[in-house]
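Quick note: the sequence shown uses the numbering used here, first residue 9, plus one each step.
Reviewing the structure listed below.
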Amino acid sequence: MDGTQIMTLGLGLEAPWILKDQHLDTAVSPHRLDLTVEAERGSLYSCPECGEACPAHDFTSKTWRHLNFFQHHCYLHARVPRTKCPTHGIKRIEVPWARPGSDFTLLFEQAAMALVREMPVLAAARLIEITDKRLWRIVHHYVGRMLEQLDLSQVKAVGLDETAAKRGHRYVTVFLDMQRKTEPVVFAVPGRGKATVEAFSEFLAAHQGDPQTVQEVVCDMSPAFLKGVEEHLPKAEVTVDWFHIVQIFTRALDEVRKRERREQEHPKHLRWAVLRNAESGNLTANQIAALQELMAASDVFVLSSAWEGFGLVVAEAMACERPVVATDCGGVREVVEDAGFLVPPRNAKALAEAMGRALRLSDDERENLGRAARQRVVERFSLEATAQRYLDVYRGDDLSDQQQLQGTK
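This is the structure we're talking about:
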């Protein structure tokens, strides 16, 4: 197999097209490989309208930038015919290696679009050594073609968030189809706020979707976003994403800490002790000591979880002789029993009422409840008590208790 055959296979040329000539110019920088492609004399070409095989009417010379040949720029040259169809007249044919109107081969554009997915357009343009304007034209073509085929008729749940596009408070708001597992982004628009939701609503309607059928929107608590959803996606319920909920509570917690510190001295190292997740194991010894001191100084300990495992933090508060108000979930009831206040999960009114009752206890009542709480923890969950219960299980001493429990079920 000679060099011409290898190049022909590499270009994917098929009849009637053949590689006629090749020339590598090393006198220019960057070096340039020119490949001349021609159709065999007397070839017939399919009419672009009806597909009938027709003779050539005339030819126009065209050039396309192709993928680099090793480190050398590569260009394809060809005389592209116009056919003379008896039905549709004179028509320019399409070549198999490039789309109509493009100065680049399909393989070059494919490589360019792959780069654009991973980096800014300007950076990609520098890498493939064309201007960013020319690359933007490629991007606009393929994005436009994709948008023509975009079907948003099944969009029911939408996520949206803004991101900084450039310095100087310039933002882009991105909209996602929350039900798509792959390629969820369906729309992006400059700016942030109500106008971006309006733009998405119009885009949705223009691509077979219906703003009236959107049932859920996930966003932050921006008043502008919320107003936009209310006006332009009227049937949707808003779900505030978890990140912003945690952010709001974190800020509120820190504000309370600062305000209370002005009135009463706090333990050192408390700031990050209350903001970090104690279960992650990232707390220092000083931060753990600060939490212990804070818990011991509190009047009432409150746990408002919707779900829990054992409820270790409740046991820790009870060990510090603190009255406990907790939601009745997971193993919390087993820990607290009658040594604190239990309320149903997700019931803010009941939780507030129980907190009020706990705070209205007299000093003596609060101390008595705290001592009872500590006594229960020591009796049930101390190291000695836990070890003894394990021994009872191994020895079978608890069989009578198990049989009695099964008999009551």
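For each residue, glycine too, the CB sits at the ideal point set by N, CA and C.
Inter-residue spacing [alpha-carbon to alpha-carbon] between residue i and residue j
| i | j | result |
| --- | --- | --- |
| Leu158 | Val151 | 10 Å |
| Val282 | Phe251 | 17 Å |
| Leu143 | Leu27 | 28 Å |
| Arg474 | Leu261 | The structure shown does not extend to residue 474, since the chain is modelled only from 9 to 417, so the question has no answer here. |
| Val351 | Ala358 | 6 Å |
| Glu245 | Gln223 | 6 Å |
| Ala304 | Ala327 | 9 Å |
| Met127 | Pro38 | 24 Å |
| Ala325 | Glu345 | 14 Å |
| Val401 | Ala393 | 13 Å |
| Glu137 | Thr34 | 18 Å |
| Leu212 | Lys164 | 11 Å |
| Ala380 | Ala323 | 12 Å |
| Phe195 | Pro219 | 14 Å |
| Lys243 | Arg382 | 51 Å |
| Leu155 | Gly20 | 29 Å |
| Asp10 | Glu117 | 28 Å |
| Gly18 | Leu123 | 22 Å |
| Val162 | His240 | Checking the sequence, you will find Gln at residue 162 rather than Val. Approximately 17 Å between the Cα atoms of the pair. |
Start and end residues, beta strand (DSSP E) containing residue i
| i | result |
| --- | --- |
| Arg73 | 64 to 77 |
| Gly217 | Per DSSP, Gly217 belongs to no beta strand (DSSP E) and is neither H nor E. |
| Gln295 | From DSSP, Gln295 is part of no beta strand (DSSP E) but of the alpha helix (DSSP H) over 293 to 305. |
| Arg188 | It is not in any beta strand (DSSP E) - Arg188 carries neither H nor E in the DSSP assignment. |
| Arg87 | 80 to 93 |
| Leu27 | 25 to 33 |
| Asp42 | 40 to 47 |
| Phe349 | 349 to 351 |
| Thr335 | 332 to 335 |
| Gly226 | Reading off the sequence shown, one finds Val at residue 226, where the question assumed Gly. Residues 224 to 227. |
Option nearest residue i by Cα separation, candidates the options
| i | options | result |
| --- | --- | --- |
| His65 | Pro94, Arg90, Cys82 | Arg90 |
| Gly348 | Ala362, Thr221, Gly338 | Ala362 |
| His274 | Gly199, Gln295, Arg397, Val254 | Gln295 |
| Gly339 | Gln30, Pro353, Pro331, His149 | Pro353 |
| Val88 | His81, Ser54, Val129 | Ser54 |
| Asp42 | Tyr402, Val310, Thr12, Lys243 | Thr12 |
| Gly317 | Val343, Leu299, Val332 | Val343 |
| Ala298 | Lys276, Trp315, Val310 | Lys276 |
| Thr331 | Ala356, Thr247, Ala314, Arg368 | With the sequence shown as reference, residue 331 is identified as Pro, and Thr is not the correct amino acid for it. Nearest of Ala356, Thr247, Ala314, Arg368 to Pro331, Cα basis: Arg368. |
| Ser69 | His85, Gly59, Met15, His149 | His85 |
| Gly97 | Leu320, Ala61, Asp29, Arg374 | Ala61 |
| Leu52 | Leu19, Ile101, His31, Tyr83 | Ile101 |
| Val36 | His81, Asp10, Asp29 | His81 |
| Met186 | Val225, Arg125, His215 | Val225 |
| His149 | Leu130, Leu377, Ala120 | Ala120 |
Cut-off 7 Å between Cβ atoms - residues of its own chain near residue i, not counting five sequence neighbours on either side
| i | result |
| --- | --- |
| Asn290 | Arg284 |
| Asp111 | Trp72, Arg73 |
| Leu413 | Below a pLDDT of 50, predicted positions are generally treated as unreliable, and Leu413, at 46, falls in that range; no measurement from the model is reported. |
| Pro108 | Glu102 |
| Ser306 | Arg330 |
| Arg341 | Leu350 |
Residue(s) in a DSSP beta bridge with residue i
| i | result |
| --- | --- |
| Trp315 | Bridge partners of Trp315: none, in fact. |
| Ala207 | In the DSSP output, where bridge partners are listed per residue, Ala207 has none listed. |
| Pro198 | Val180 |
| Lys174 | Arg178 |
| Leu168 | Phe183 |
| Ser54 | Ala61 |
Sequence-distant residues of the same chain with beta carbon closer than 8 Å to residue i, five excluded per side
| i | result |
| --- | --- |
| Leu115 | His74, Leu75, Trp105 |
| Arg279 | Asp262, Arg265 |
| Ile256 | Met229 |
| Cys93 | Cys55, Glu57, Cys58, Glu60, Cys62, Lys99 |
| Thr16 | Ile26, Leu27 |
| Thr258 | Leu283 |
Residues near residue i by beta carbon distance below 6 Å, same chain, minus five either side
| i | result |
| --- | --- |
| Trp25 | Val45, Ala47 |
| Val197 | Thr181, Thr204, Ala207 |
| Thr113 | Trp72, His74, Trp105, Ala106 |
| Phe233 | Cys227 |
| Glu170 | Tyr179, Thr181, Arg200 |
| Phe77 | Leu41 |
| Gln30 | Leu43 |
| Thr416 | Residue confidence for Thr416 is low, a pLDDT of 48 falling below 50, so the modelled location carries little weight; the figure read from the coordinates is stated next. Here the set comprises nothing. |
Alpha helix (DSSP H) segment containing residue i, residue limits
| i | result |
| --- | --- |
| Ala395 | 391 to 403 |
| Lys99 | No alpha helix (DSSP H) holds Lys99; the beta strand (DSSP E) holding it covers 97 to 100. |
| Lys141 | 140 to 157 |
| Glu263 | 250 to 271 |
The ligand GDP heavy atom lying under 7 Å from the CB of residue i
| i | result |
| --- | --- |
| Asp159 | Annotation note on the ligand GDP: not contained in the displayed structure, which lists no ligands. |
C-beta neighbour in chain E for residue i, strict 8 Å
| i | result |
| --- | --- |
| Gly50 | In the displayed structure, chain E is absent; only one protein chain is listed. |
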